[in-house]
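Peer 1:
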Amino acid sequence: MDRIHAPSEPLVRVAGLCKWFDTTGSRLEILKGVDLTLASGETLAVVGASGIGKSTLLHILGTLERPDAGQVLLNGQDIFAHGNERLARIRNRRIGFVFQFHHLLPEFSALENAMMPVLIAGKDRSAAASAAEQILVRVGLKDRLGHRVGELSGGEQQRVALARALVLNPPLLLADEPTGNLDRKNSDQVHELLMSLNAEFAMTVVVVTHNPQLAAMLSRQVTIVEGRLVDAT
5 MDRIHAPSEP
15 LVRVAGLCKW
25 FDTTGSRLEI
35 LKGVDLTLAS
45 GETLAVVGAS
55 GIGKSTLLHI
65 LGTLERPDAG
75 QVLLNGQDIF
85 AHGNERLARI
95 RNRRIGFVFQ
105 FHHLLPEFSA
115 LENAMMPVLI
125 AGKDRSAAAS
135 AAEQILVRVG
145 LKDRLGHRVG
155 ELSGGEQQRV
165 ALARALVLNP
175 PLLLADEPTG
185 NLDRKNSDQV
195 HELLMSLNAE
205 FAMTVVVVTH
215 NPQLAAMLSR
225 QVTIVEGRLV
235 DAT
């Protein structure tokens, strides 16, 4: 994995980030000069009403969308200076994603779903299976490795999605409403798991959430007001 260690450099530095959409002759500005710095191991909750740009910010941090202006530096490297092929490699090796809808492949088992990023990274099937099994055991699914998605509960499915996101030990984990479809018990379990994994792997975690309990567990809370980040606490 091509992680760069630079103790004096924050893991993520965002400067002057702008994103807009042109619709019917007018421009809708979503992000208007966002600045953000994230240290290695830091946890951040992005909170606030729907439609203010939380998911857009997360998608840009994860290179799923390009900004219209500004920079996103990962370990000091301007990631959007690269073409799409290089961005795909960065996403695969250095950024993990967890979404409200887990996006698992229903025809495959928990193990096979968690293997996918390792196979995409070019590792052989044996190495992928070993890595996937290790992280699935860590998230409490030792006895569910061979079960297909439809045979898993909602909480178990989200644990598989979390394992898939972490199987390559990325330095940055991005989660968009990771417990939005779970009941209180399963939500609490996933919240606790996120925090313990953050402590264990020293990964930086950014979570978009409407859940105040989850937001309160993270080290910082911000929201977006008129296209800019402000402290939410």
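Read in order, the letters of the sequence shown correspond to residues 5 to 237 in our numbering.
We put the beta carbon where it would ideally sit given N, CA and C, even for glycine.
Which residue's Cα is closest to the Cα of Ile56: Gly45, Leu32 and Gln75?
Peer 2: Leu32
Peer 1: What three-state label does DSSP hand Ala179 in the structure shown?
Peer 2: strand
Peer 1: Can you have a look at Phe25 and say buried or exposed, based on whether 16 or more other CB atoms are within 10 angstroms of its CB?
Peer 2: exposed
Peer 1: Could you tell me the distance, in whole angstroms, from the CA atom of Glu46 to the CA atom of Lys127?
Peer 2: 29 Å
Peer 1: Look at the alpha carbon of Asp147 and the alpha carbon of Leu78, and state the distance between them as a whole number of angstroms.
Peer 2: 37 Å
Peer 1: Quick one: Cα of Val164 to Cα of Leu140, how far?
Peer 2: 7 Å
Peer 1: Shorter than 7 Å, the distance from the beta carbon of Leu35 to the closest heavy atom of the ligand ATP, or not?
Peer 2: Looking for the ligand ATP in the displayed structure turns up nothing, as the structure carries no ligands at all.
Peer 1: What residue from Leu40, Leu35 and Ser59 has the CA that sits closest to Val211's CA?
Peer 2: Ser59
Peer 1: Suppose contacts are defined by Cβ-Cβ distances below 8 Å. Is Leu123 in contact with Asn117 by that definition?
Peer 2: no
Peer 1: Please give the ranges of any beta strand (DSSP E) in the segment 27 to 85, keeping only runs that are unbroken, at least 3 residues long and fully inside the region.
Peer 2: Runs found: 30 to 42, 47 to 51 and 73 to 78.
Peer 1: Looking only at its own chain, which residues have a Cβ that is under 6 Å from the Cβ of Ile64, when we skip the five neighbours before and after it?
Peer 2: Pro71
Peer 1: Would Leu15 be called buried (16 or more neighbouring beta carbons within 10 Å of its own) or exposed?
Peer 2: buried
Peer 1: Note the first and the last residue of the continuous alpha helix (DSSP H) segment covering Val212.
Peer 2: First-last for Val212: Thr208 to Val212, but that is the beta strand (DSSP E), not the alpha helix (DSSP H).
Peer 1: May I ask you to list the residues that DSSP assigns as paired with Lys23?
Peer 2: According to DSSP, Lys23 bridges with Leu35.
Peer 1: Relative to the alpha-carbon of Glu69, which residue among Leu21, Leu42 and Thr27 has its alpha-carbon at the smallest distance?
Peer 2: Leu21
Peer 1: If we ignore side chains and look at the alpha-carbon of each, how far apart do Ser44 and Asn173 end up?
Peer 2: 13 Å
Peer 1: Taking the beta carbon of Lys189 as the centre, do at least 16 other beta carbons fall within 10 Å, making it buried, or is it exposed?
Peer 2: Exposed, because fewer than 16 other Cβ atoms sit within 10 Å of the Cβ of Lys189.
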